[in-house]
Structure formats: C-alpha cells, structure tokens
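Residue numbers (the working numbering): 12 to 296.
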C-alpha cells in the first residue's frame with residue numbers, strides 16, 4: 012500500500028485518508044448502474060426509478076431511500092426525508108462519510124458487484140447511514156428523536172447502535188444482523204464489522220464502559236468485545252472470540268477468553284484485507 016506511515020508500524024493510505032471521491036462522481040456511477048438495471052429487468056424498473064433515477068443527487072437519493080425503509084405510522088417517510096436532508100445540510104461530513112462507506116463495501120465485499128447493490132439492499136450500510144443522522148441529532152441535544160431512530164433501525168435492520176457512538180469513515184458493517192454497539196463505544200476509520208458482533212459492557216456499571224476500536228480493525232463474525240478496553244490499530248479479532256482485555260496494535264486475538272495468536276505480517280489493515288483466517292498453531296495436539 013505504499014510507504015510506511017512515519018511514526019507507525021503499519022502502512023499508509025487507508026481509504027478514509029485518501030482524497031475523497033466527490034458525491035457527484037459517485038452519483039454518476041449510481042445513475043449509470045441504475046439505468047442498466049432498469050433496462051434489464053422490467054419488474055424492477057419502477058423501484059429503480061423511484062430510488063435513483065427520479066432523484067436529483069446522491070444526498071436526495073440517500074435520504075429518500077433511507078426514509079422509505081424506516082418510515083412508519085408514527086413518522087411518515089416524507090418527514091424522515093426532511094430530517095435526513097437537514098442533517099446533511101448541517102453536517103457535510105455525513106454525506107462525505109457515506110461516500111467513503113459505500114466505496115469501502117465495493118472494495119472489500121465480493122458480493123458487492125456494483126455500487127448500486129449495497130446502496131439499495133445492504134442493511135449494514137443503510138443502518139450505518141441512519142446512525143450518522145441519529146448521532147448528529149444526539150450532538151444537537153435531540154436525544155429522544157435519536158433514540159426513536161435507533162429503535163426503528165434495530166427493528167428494521169437488526170442493527171442496534173447507540174446514537175452517542177462516534178463512528179469514523181470507511182466503516183463496513185457486513186450483513187449487519189445482530190450487531191450491538193453500546194453507548195460509550197468509539198469506532199475509528201476503516202473498520203470492518205461482521206454479523207453478530209457485540210461491543211458491550213461487562214455489567215451494570217455506569218460511565219465509560221464500552222470498547223474503543225481503533226483504525227483498520229477487523230471484528231470477525233460473532234466476536235464479543237466487552238468493557239472499556241482498547242482494540243489497537245490494525246488488530247484482528249477472530250470469529251466467535253470473547254475479548255475482555257486490551258488488544259495491542261497489530262495483534263490477532265482469538266478464543267474464549269481471547270488471547271494473542273499472531274501479529275500483523277502485512278502493511279494492509281485487516282479490515283481492508285478481510286482475511287478471517289487465523290495463524291496455524293505451532294504444533295497440533
């Protein structure tokens with residue numbers, strides 16, 4: 012991935028640090044893909060037209076699509092669209108993050124055969140974009156509405172993220188089902204989180220009680236990280252592991268409870284490589 016970052020052990024140019032692809036450029040890609048799909052399958056034509064081709068730009072399309080997914084009897088989709096657009100206008104970083112998040116999916120997930128597919132269907136992406144709006148509401152002192160969005164996202168997408176949680180760019184929530192992230196957790200840039208991951212507490216204590224996940228971390232399926240502990244940059248947590256102690260940068264941990272089983276051998280972030288395998292044991296039992 013290029014030269015080594017000065018002052019670190021690991022490589023440069025994670026997706027979130029590269030020059031941002033303008034939303035307008037991504038919008039051109041989405042429209043071209045939408046036109047191709049609409050022309051290919053008549054049954055999808057009206058859906059694709061409503062979701063993409065009838066929209067003016069990427070923020071408008073994202074807001075409208077998210078709102079149709081989440082709207083209900085309590086708050087109509089049109090009201091949610093207005094809310095999302097207001098958040099985008101107040102904080103341009105929300106749309107900038109959405110662009111990088113979508114690019115991250117295409118770069119890391121072999122099931123993402125286009126930008127359009129995750130934009131329309133991947134609930135990890137959709138849940139994360141609603142979380143970004145909910146987090147903006149939280150920072151504006153509108154916690155009750157933020158909790159409403161959290162609840163609806165959990166019901167619709169099976170992803171439960173407390174609106175207080177700050178989340179960096181280039182974050183990939185794969186599949187999404189069963190992901191739970193507690194109130195005082197922190198998630199950095201270029202992180203990949205698979206299904207049934209929990210970032211939780213260890214009891215009923217109050218205060219700062221949830222994990223801090225640094226840049227480039229891979230949290231494999233079913234892993235549980237519990238307590239106010241740090242998962243260091245470029246670390247990897249194996250599938251099904253239970254992590255109760257801090258994980259050093261570049262470490263691979265696995266097991267119940269998790270222990271260090273290896274160290275980074277590449278200058279690429281585990282979250283970007285998406286390699287779920289673990290080092291071979293030195294000897295067999």
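Backbone N, C-alpha and C fix where the C-beta goes; we use that ideal spot for every residue, glycine too.
Buried/exposed call for residue i, threshold 16 Cβ in 10 Å
i           : result
residue 213 : exposed
residue 288 : exposed
residue 44  : buried
residue 84  : exposed
residue 151 : exposed
residue 290 : exposed
residue 54  : exposed
residue 203 : buried
residue 180 : buried
residue 34  : buried
residue 18  : Residue placement at residue 18 is poorly supported in this model, since its pLDDT is 31, which falls under 50; the coordinates still yield a value, given next. Exposed is the call here.
residue 21  : Low confidence applies to residue 21: its pLDDT is 42, below 50, so where it sits in the model is not reliable, and the reading given next is rough at best. The residue in question, residue 21, is buried, as its Cβ has 16 or more Cβ neighbours within 10 Å.
Close beta carbons around residue i, own chain, < 7 angstroms, minus the five adjacent residues each side
i           : result
residue 187 : 134, 135, 138, 168, 169, 170, 206
residue 73  : 109, 140
residue 38  : 68, 69
residue 266 : 252
residue 272 : 263, 264, 265, 289, 290
residue 51  : none
residue 79  : 88
Separation of residue j from residue i, as counted between CA atoms
i           : j           : result
residue 89  : residue 105 : 19 angstroms
residue 234 : residue 112 : 22 angstroms
residue 102 : residue 143 : 10 angstroms
residue 98  : residue 153 : 12 angstroms
residue 240 : residue 93  : 38 angstroms
residue 256 : residue 219 : 15 angstroms
residue 61  : residue 201 : 31 angstroms
residue 160 : residue 47  : 33 angstroms
residue 66  : residue 86  : 21 angstroms
residue 238 : residue 254 : 9 angstroms
residue 270 : residue 215 : 25 angstroms
residue 236 : residue 91  : 33 angstroms
residue 250 : residue 56  : 39 angstroms
residue 166 : residue 36  : 33 angstroms
Residue i and residue j closer than 8 angstroms at C-beta
i           : j           : result
residue 280 : residue 227 : yes
residue 107 : residue 149 : no
residue 282 : residue 274 : no
residue 217 : residue 210 : no
residue 260 : residue 244 : yes
residue 224 : residue 197 : yes
residue 182 : residue 208 : no
residue 231 : residue 248 : yes
residue 100 : residue 77  : no
residue 185 : residue 120 : yes
residue 173 : residue 155 : no
residue 146 : residue 177 : yes
residue 59  : residue 49  : yes
Beta-carbon proximity list for residue i, same chain, < 8 angstroms, skipping 5 on both sides
i           : result
residue 41  : 63, 69, 72, 126, 127, 130
residue 284 : 229, 277
residue 123 : 116, 117, 129, 133
residue 29  : With a pLDDT of 44 at residue 29, under the threshold of 50, the modelled position of this residue cannot be trusted, and the question is left open.
Neighbourhood of residue i by C-beta distance below 6 angstroms, restricted to the same chain and skipping five residues each side
i           : result
residue 163 : 81
residue 258 : 242, 243, 246, 264
residue 192 : 172, 176, 210
Short CB-CB distance (under 8 angstroms) between residue i and chain B
i           : result
residue 178 : Looking at the structure shown, chain B is missing, and only one protein chain is on hand.
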